[in-house]
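Peer 1:
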């Protein structure tokens with residue numbers, strides 16, 4: 006069935022995509038002033054465009070108050086549909102990028118500190134040499150923070166301790182990380198083959214705080230064993246944790262081996278497993294609602310390879326440190 010131009014105009018009303026975008030960002034950010042900064046568009050122009058959209062639709066979408074805005078019931082429905090429209094538009098771009106020979110695009114990565122310290126620099130250098138058209142943005146934070154970034158759509162992929170119970174995420178295990186007692190290679194304790202969890206209360210421990218995935222795993226193990234202890238210090242900085250381990254008098258920490266891969270290889274720290282064993286799972290996660298672009302998939306594959314390489318490096322470094330400690334003890 007064919008339609009002439011007048012009939013088509015009567016059947017379809019084409020909304021201005023810019024007005025939809027301006028409305029969406031004002032609603033998402035909660036105020037015209039924040040949307041002005043984000044979009045780099047003068048606030049009066051923003052207000053006019055949103056009002057024009059409301060006139061076009063014949064409904065009030067936003068309640069204005071003070072410095073903020075709140076969605077009306079109709080506005081909430083339009084906001085959700087608009088979010089879906091922009092998601093579909095992103096999917097179109099993703100489809101085009103996937104078919105291109107040379108991958109391009111922005112990739113937003115959320116990553117926990119232990120992994121960032123180990124692979125971030127290598128990942129960036131690999132992308133510069135192999136895939137120069139992929140632009141990487143790295144956000145570092147503890148597992149809880151990376152999880153929030155994923156759920157809110159602020160990153161495309163995340164590396165965190167898991168798995169998460171959230172059903173909106175796709176998750177792939179990268180590594181089962183055993184937790185180790187980390188200390189100075191010269192300390193007699195580090196000559197042991199393992200260290201009992203129940204005796205950790207006797208050590209000067211410095212640990213990351215509860216939002217860190219490795220701390221959560223360790224706390225669960227301690228609770229199952231009926232152990233209550235307070236670390237000497239809680240530090241939310243991997244760099245500071247490692248510095249304290251190498252300080253005088255010596256301190257100890259609990260971390261996955263990959264977090265100290267470089268230090269183990271250099272022989273400046275040692276690692277021995279806990280008894281009973283305690284393990285965390287390192288996961289690569291993304292949102293089900295947003296398919297991975299080709300650029301994101303390439304970054305994900307490189308992350309997986311680099312983590313396995315770093316784990317092997319840490320394992321070899323730990324063996325060398327143990328052998329050096331034995332040789333030193335025998336010499337004495």
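Numbering (our numbering), first residue to last: 6 to 337.
Glycine is no exception: its CB is placed at the ideal position from the N, C-alpha and C atoms.
My output table needs one value for residue 149: the three-state DSSP class, helix, strand or coil.
Peer 2: Within the chain shown, residue 149 is the residue found at index 144, counting from 1. Helix at residue 149.
Peer 1: Identify which residue in 81, 207, 45 and 292 has its Cα closest to the Cα of residue 59.
Peer 2: By 1-based counting over the chain shown, the position of residue 59 is 54. Nearest option by C-alpha distance: 81.
Peer 1: Can you tell me the Cβ-Cβ gap for residue 174 and residue 290, rounded? I've got them flagged as a contact below 8 Å.
Peer 2: Residue mapping note: residue 174 aligns to position 169 of the chain shown, counting from 1. Residue mapping note: residue 290 aligns to position 285 of the chain shown, counting from 1. With 8 Å as the limit, residue 174 and residue 290 qualify as a contact, their Cβ atoms being about 5 Å apart.
Peer 1: With DSSP run on the structure shown, which of helix, strand or coil describes residue 90?
Peer 2: The sequence position of residue 90 within the chain shown is 85, counting from 1. It is helical.
Peer 1: Where do the N-terminal and C-terminal ends of the beta strand (DSSP E) with residue 75 fall, by residue?
Peer 2: Position 70 of the chain shown, counting from 1, holds the residue named residue 75. Per DSSP, residue 75 belongs to the beta strand (DSSP E) from 73-76.
Peer 1: Is the distance from the Cβ of residue 308 to the Cβ of residue 260 below 8 Å?
Peer 2: Position 303 of the chain shown, counting from 1, holds the residue named residue 308. Position 255 of the chain shown, counting from 1, holds the residue named residue 260. The answer is no: Cβ separation not under 8 Å.
Peer 1: Beta carbon of residue 184, beta carbon of residue 143: below 8 Å?
Peer 2: Your numbering for residue 184 matches position 179 in the chain shown. Your numbering for residue 143 matches position 138 in the chain shown. Their beta carbons are not under 8 Å apart, which means residue 184 does not touch residue 143 by this criterion.
Peer 1: Is there contact between the segment 189-200 and the segment 232-246, where contact requires at least three CB pairs shorter than 8 Å?
Peer 2: Under the three-pair Cβ rule at 8 Å, the segment 189-200 does not count as touching the segment 232-246.
Peer 1: I'd like to check one pair, residue 25 with residue 87: are the Cβ atoms closer than 8 Å?
Peer 2: Along the chain shown, read from residue 1 onward, the residue named residue 87 stands at position 82. Along the chain shown, read from residue 1 onward, the residue named residue 25 stands at position 20. Yes, these two residues count as a Cβ contact at 8 Å.
Peer 1: With contact counted as at least three CB pairs below 8 Å, one residue from each stretch, are the segment 259-278 and the segment 129-141 in contact?
Peer 2: no
Peer 1: Note the first and the last residue of the continuous beta strand (DSSP E) segment covering residue 130.
Peer 2: Position 125 of the chain shown, counted from the start, is the residue given in the question as residue 130. Where residue 130 is concerned, there is no enclosing beta strand (DSSP E), although the alpha helix (DSSP H) it sits in stretches over 118-135.
Peer 1: What number of angstroms, rounded off, separates the C-alpha of residue 331 from the C-alpha of residue 164?
Peer 2: Taking the chain shown and counting its residues from 1, the one referred to as residue 331 is at position 326. Taking the chain shown and counting its residues from 1, the one referred to as residue 164 is at position 159. Here the model assigns residue 331 a pLDDT of 48, short of 50, so the residue's position is not dependable, and the following value carries that caveat. Their backbone Cα atoms lie some 36 Å apart in a straight line.
Peer 1: Using a threshold of 8 Å, state whether the C-beta atoms of residue 318 and residue 266 are closer than that.
Peer 2: On the chain shown, residue 318 is found 313 positions in, with the first residue counted as 1. On the chain shown, residue 266 is found 261 positions in, with the first residue counted as 1. The answer is yes: Cβ separation under 8 Å.
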